[in-house]
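Protein chains in written order, with this note's numbering: chain A, 4 to 555; chain B, 10 to 606.
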C-alpha cells in the first residue's frame with residue numbers, strides 16, 4: 004500500500020540535498036550543456052550510468068539498473084533545468100541528485116530508475132521520450148511511470164504541492180497513480196493543489212471549490228499542450244506512460260525539501276511493487292479534488308446529449324424547412340462537393356500555417372506572421388458573419404441547397420463530437436458548447452425567409468431574441484461560434500499577458516512539437532462546418548433586404 | 010607493474026582425480042567484487058549406450074558424481090547438458106568481460122540446452138521433454154513449461170560436440186529459455202546438493218542464498234559433458250557460481266540491517282573543498298579505504314577443506330594497497346613470492362581479512378570486445394520493433410553470430426530489417442548475413458534467427474526490425490497478463506578463425522500484447538444475461554399468449570369447456586329443480602282438487 008513504508012530520505016539526506024544545492028546555485032547561470040556535464044560527473048560518482056540525447060537541446064539521462072533486476076521495466080524521474088515558470092529548478096535538481104545517490108544504496112528495486120535532466124519540460128523532454136522509444140542506444144526497458152519534479156528557489160521549506168496530470172489529446176494518466184501520489188503526500192501532511200488552486204484554498208472542500216477545479220480541469224485538458232506553461236506530464240503522453248508533474252509551491256510552509264523527495268521515493272516504491280502495468284478502466288475521470296472524481300459513466304452522457312442535439316437540429320434543418328427528402332437527395336452530391344472542397348481548403352491551410360511558422364527565422368518574423376494569421380482569421384470571421392452586407396447578385400444558390408448544406412454541417416459537427424467522445428471528452432464537450440450558436444442559424448434564416456413571427460414565446464430569452472433583428476442574431480450566432488473568436492476570448496481573458504498570440508502560436512505548432520492534434524480537430528472538424536454554414540448564409544437566396552424592410 | 014595490484018584471491022585447487030573446487034575473488038571498480046566459485050566433478054569410467062524408452066541404465070556407482078543426475082542423463086540419452094540460472098544486468102562498461110568469456114553464464118532467467126542422441130528429431134524431442142521435466146522437479150524451476158513453442162534447434166551458436174554417436178543415431182542440439190523465471194534460494198539448494206561436499210565444507214560452504222542473491226548480478230551454471238576414450242566414457246560436470254558483490258552495501262547491511270537508513274551525521278563523508286558545514290554536505294565519491302572479511306561478505310566462514318583427508322591449497326596474490334590476513338584456522342603451507350599459496354587444512358573454519366588502503370588499485374579490467382544492447386521500439390499494442398546496437402570496442406573487426414528466438418506471438422518481418430552504421434543507413438548485407446531463419450508457427454514453434462555479423466573496428470552497428478503482435482486465445486493469457494510477455498535474451502557468440510571466443514547475451518525484453526480487460530466478459534455476461542432473460546420472458550409471453558379486452562375475455566371464457574360443463578350442470582340442476590317444482594305443484598294442485606272434491 005502506498006505510504007505504508009517509511010521513506011528514509013530524511014535526516015542526513017537533507018545535508019546532502021543542501022550540499023548539492025549550494026553547488027548548483029553557483030552553476031545556475033551556465034548553459035545547459037555545461038550543467039549537464041557537471042551533473043553527469045556527479046551522477047556517475049553516485050554509480051549511475053549516464054548518457055546523452057542530442058535533440059534540439061541536449062538532454063542528460065542517468066540509469067540506475069536495479070540490482071538483479073530483469074532490466075525490462077523502468078520509472079522516470081524527470082528534472083527540467085528550467086521550471087515551467089522559467090526559473091532555475093534549483094531545489095528539484097538538488098533533490099534529483101540526492102535521490103539518485105539514495106536510490107542506488109537500496110537493493111529493493113525491481114524496476115530500473117531513470118533520472119532525466121532536460122532543458123525544459125516542453126519540447127526537449129518530449130524529444131527525449133520519443134528518442135527513448137525510437138533511437139536511443141542505452142535504454143532500461145519500458146517506462147511504467149514518470150514524475151516530473153519542479154522545485155523553484157533555494158528555500159528549505161514549501162507550502163504545498165501542485166499536481167498536474169493532463170496529457171495530450173485528452174489522455175490522462177491512470178487514476179491509481181495520481182491517487183498514490185496524492186495519498187503519499189497526504190500522509191506526509193502535504194496539501195495537494197489541483198488546477199492552480201491557490202494555497203489558501205487548497206484545504207477547502209466546498210461545492211464551489213470542487214466545481215471550480217472540475218471546470219478548470221475540463222478546460223485544462225482541452226488546452227493541454229497548447230498553452231504555456233507546459234507542465235511536462237504531456238511529454239509522456241501517447242507512449243502508455245503514467246506521468247504526473249509535482250511542483251513545490253511557496254517558501255514558508257511547514258514542509259521541508261526532503262519531504263518532496265520522500266513523495267517521489269514512496270511513489271516509486273509503490274510503482275516498483277506492481278507486478279502488472281497500470282491497466283483497466285481508470286483512465287477516464289475528471290478530478291474535483293485530489294480525492295474526488297467524476298467517473299466516465301457520469302460525465303459522458305452530457306457530451307452524448309450535445310452530439311444528439313446537433314443531429315436533431317440537422318434533422319430539423321431538413322424537416323422544418325421546405326426541403327423535401329427527394330430534393331435533399333438530389334442535392335446531396337452538390338453538398339458533398341462543396342463540403343469536401345471547403346474541407347480540402349481547410350486542410351491545406353492547416354498544413355500551410357505550421358509550415359510557414361517553422362520557416363520563420365527570427366522571433367520578430369514569427370510574431371508578425373502569427374499576428375497576421377490572427378488578423379486574417381478575424382477578418383474572415385467578420386466578413387462571413389455579416390452575409391447580409393455582401394450579397395452577390397450573380398453567385399447564388401437556392402435556399403434548399405443552403406439548408407441542405409447547413410444540415411450537413413451540423414451533422415458533421417455531431418459526428419466530430421461523437422468521434423471525440425471517448426478520445427478527448429473535454430475537446431468534444433467544449434467544441435459542442437462553443438459552436439452551439441450554429442444550431443440557431445436555421446431558425447433565424449427561416450424567420451427571415453418567411454414572415455417574422457410576433458408570437459410571444461414562453462421563454463423570456465426567446466421572446467427577446469424574437470424581437471431582435473434577424474441580422475443581428477445571425478451576426479452574433481456566426482461570430483461567436485468561430486474558432487478564432489474563442490481563441491481570442493480565451494487568450495485574452497483566461498491566459499493573461501500575450502495570451503492570444505501564445506495560444507495561436509502553440510495551437511499551430513503543437514502538432515510538430517508535441518503531436519497534439521487539437522489544431523487539426525479545430526481546422527478539420529469545427530472550422531469547415533462553420534465555413535460551410537456561413538457560405539450557405541452568404542450564397543443562399545434569403546431575402547435579407549425585404550425582410551428587414553418588413554420589420555421596419 | 011606497481012600501479013595496479015592483481016588479486017586473484019582464494020584459489021583452492023585440489024589435485025584430485027574426480028573432484029576439484031576453487032574460488033576466485035577479483036576486485037572490480039566501485040568497490041565491487043567478483044566471486045567465482047568453480048566445481049568440477051567427474052564420474053567413473055563407464056560405457057554409454059543409447060537407451061530406448063523404458064530401458065533402465067545399468068550403472069549404479071558414480072562416486073563423486075551425483076547419483077541423481079547420472080541415470081537422468083542416461084535415460085534421456087543426453088550427451089551434453091547446459092543449464093544456466095542468471096539474474097541481473099551485466100555492466101560491461103564497469104566490469105568488462107563476463108567471467109569465463111561468458112561461456113558459463115546465461116541470459117536473464119533460466120536457459121537450458123542439451124545435446125541429445127536420437128535416431129530422429131521427434132525422438133530427440135521426446136528425450137528432451139523427459140529431460141526438462143525431470144530437471145524441473147530437480148531444480149524447482151519452471152522447466153516443465155518448456156514445450157514446442159519455445160524449443161529451438163540452434164545451428165551455429167552453441168555447437169560444441171565432443172561425443173560420437175552411434176552410427177544409427179544423430180546428435181541433436183536443442184535449446185529453450187525461460188526469461189521471466191526468477192532465480193531464488195530454491196534453485197541454489199539443489200545446486201549445492203549436487204556437490205559431493207553438499208555445501209557443508211570447502212569453498213561451497215560460503216554459498217548462502219541470502220548473500221549470493223543480494224548481489225548485483227549472479228549466475229549459476231551446470232555443464233555436463235561426456236568425454237570418451239574409445240568405448241569408455243565418463244561424465245564431466247562443471248558447476249560454477251559467479252556473483253558481483255557490492256561491498257559497501259554488504260557492510261552496511263551487516264552493520265545496520267537491511268533497511269537503507271540515512272547515514273549518521275558524524276559518518277557523513279563530505280567534500281571539504283566545497284561548501285560544507287553542519288547543514289550542508291556535498292557527498293564524496295566512494296570510499297577508497299575499506300576493511301572487511303570474508304564472513305561479512307558471505308555471511309559465513311569457509312568451513313575447512315572439502316574433505317578431511319585432503320589438503321586444500323589456497324592461493325593468494327596481493328600487492329600494494331591490499332593487505333590480506335588469515336584470521337583463523339588456516340595453515341600457511343607455501344608462500345611463494347609471486348603467487349603465495351595458502352592451504353585449507355582440517356575442519357576448522359577459516360576467515361580472511363581484507364584491509365585495503367586503496368580500493369581503486371585493481372587489476373586491469375578485461376574490456377568486453379563487443380557491447381550489445383537491445384531495446385524495444387514503438388508504443389502500440391499491435392506492432393513493435395527491436396533495435397539492437399552493437400559496438401565494437403576493439404582495434405580489429407569482430408565476427409559473431411546473433412541468435413534470437415522470438416515467441417510465436419511476435420510475427421517478425423525480415424523485410425523490415427535495417428542496418429545503420431555510425432548514424433548512416435547502410436545496406437545491411439554488407440555487414441549482416443542471414444545464416445538461418447525459421448519462421449514461427451502459431452503455438453507450435455518460435456521464430457529462430459541466426460545472423461552472422463561482421464563489425465569493423467570501433468564501429469557501431471544498429472539493427473532495426475519490426476514485428477506484429479498477435480492476439481492470444483482467451484485461455485492462453487497467463488494470470489498476470491498485464492505484466493507483459495518476456496522475450497528471451499538474444500545470444501551473441503563471437504568467433505574468430507580458431508573458434509568460439511566468447512558469448513554474451515542481451516537483456517530480456519517485456520512486450521505488451523493486446524490484453525483484454527478480463528473483468529469485462531463477466532460484466533458483459535451478466536448484462537447480456539439480464540437483457541436476454543427479460544427479452545426471452547416477454548417474447549415467450551407474446552408468442553404463447555393473446556392480448557384481449559376484459560369483455561372479450563368474458564365472452565371467450567363463457568365458451569370454455571368448464572363453463573359449458575358448469576352450464577350443463579346448472580341446466581340439469583335447473584331442470585331437476587323445475588321438474589321437482591312442477592311435480593310438487595302438480596301434486597299440490599292434485600291434493601287441492603282432491604280436497605275440493
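Here a beta-carbon is modelled for each residue, glycine too, at the ideal position from N, C-alpha and C. Note that this is a predicted model, so its numbers are computed, not measured.
Contacts with chain B at 8 angstroms (Cβ-Cβ) include residue 142(A). Boundaries around residue 95(A) are those of the alpha helix (DSSP H), 93 to 108, since no beta strand (DSSP E) includes it. A buried status is given to residue 143(A), since no fewer than 16 other beta-carbon atoms sit within 10 Å of its beta-carbon. If the five residues before and after residue 39(B) are omitted, its C-beta is found closer than 7 angstroms to the C-beta atoms of 103 and 295, all from its own chain and listed in chain order. For the pair residue 481(A) and residue 168(A), the Cα-to-Cα distance works out to about 35 angstroms.
At a cut-off of 8 angstroms between beta carbons, residue 99(A) makes no contact with chain B. For the set 82(B), 522(B), 430(B) and 165(B), the Cα lying nearest the Cα of residue 391(B) is the one of 522(B). One thing to note: residue 503(B) has its Cβ no nearer than 8 angstroms to the Cβ of residue 419(B). With its beta carbon at least 8 angstroms from every one in chain A, residue 297(B) lies outside the interface. Boundaries of the alpha helix (DSSP H) harbouring residue 368(A): 366 to 388, taken from the DSSP string.
Per DSSP, residue 469(B) lies in no alpha helix (DSSP H); the unbroken beta strand (DSSP E) holding it starts and ends at 469 to 478. Put simply, of 543(A), 390(A), 375(A) and 347(A) the residue whose alpha carbon is nearest the alpha carbon of residue 523(A) is 347(A).
A residue is called buried when at least 16 other Cβ atoms come within 10 angstroms of its Cβ; residue 238(B) does not meet this threshold and is exposed.
Annotation for residue 407(B): the continuous beta strand (DSSP E) segment containing it runs 407 to 415. Contact between residue 447(A) and residue 477(A) is confirmed by a C-beta separation of about 5 angstroms, below the 8 angstroms threshold. Contact annotation for residue 388(B) against chain A: 136, 241, 242 and 243 [CB-CB distance below 8 angstroms, chain order].
Contact annotation: the region 473 to 482 of chain B does not touch the region 122 to 131 of chain B, with fewer than three C-beta pairs closer than 8 angstroms. Remark: C-beta atoms of residue 214(B) and residue 312(B) approach each other more closely than 8 angstroms.
The region 114 to 156 of chain B is shown to contain whole alpha helix (DSSP H) runs of 4 or more residues at 130 to 148, in chain order.
Just measuring C-alpha positions, the residue of 131(A), 311(A) and 392(A) sitting nearest residue 415(A) is 311(A). The distance from the Cβ of residue 32(B) to that of residue 46(B) is about 5 angstroms, consistent with a contact at the 8 angstroms cut-off.
Annotation: residue 273(A) to residue 197(B) spans about 29 angstroms, alpha carbon to alpha carbon. A Cβ-Cβ contact shorter than 8 angstroms links residue 399(A) with residue 544(A).
By the neighbour-count criterion, in which a residue is buried when 16 or more other Cβ atoms sit within 10 angstroms of its Cβ, residue 234(B) is buried.
Under the three-state reduction of DSSP, residue 235(B) is assigned to strand. In its chain, beyond the 5 residues on either side, 482, 485, 487 and 488 have a beta carbon closer than 7 angstroms to the beta carbon of residue 384(A). In the DSSP assignment, residue 175(B) falls outside any beta strand (DSSP E), carrying neither H nor E. Cβ-Cβ distances below 8 angstroms link residue 557(B) to 565 in the same chain, with the five nearest sequence neighbours on each side left out; the list follows chain order. Interface with chain A (8 angstroms Cβ-Cβ cutoff): residue 151(B) is excluded. Around the C-beta of residue 449(B), 16 or more other C-beta atoms lie within 10 Å, and the residue is accordingly described as buried. Rounded to whole angstroms, the Cβ separation of residue 229(B) and residue 250(B) is 5 angstroms, and the two are in contact under 8 angstroms. Sequence-distant partners of residue 297(A) (beyond 5 residues in either direction) whose C-beta falls short of 6 angstroms from its own C-beta, in its chain, are 289. In the structure shown, residue 383(B) adopts extended strand secondary structure according to DSSP, grouped into three states. In the displayed model, residue 585(B) falls within a helix according to three-state DSSP. 278, 279, 280 and 282: these are the residues of the region 262 to 282 of chain A whose beta carbon lies less than 8 angstroms from some beta carbon of chain B, given in chain order. Think of a sphere of 7 angstroms around the beta carbon of residue 475(B): no beta carbon from chain A falls inside it, the nearest being about 12 angstroms out.
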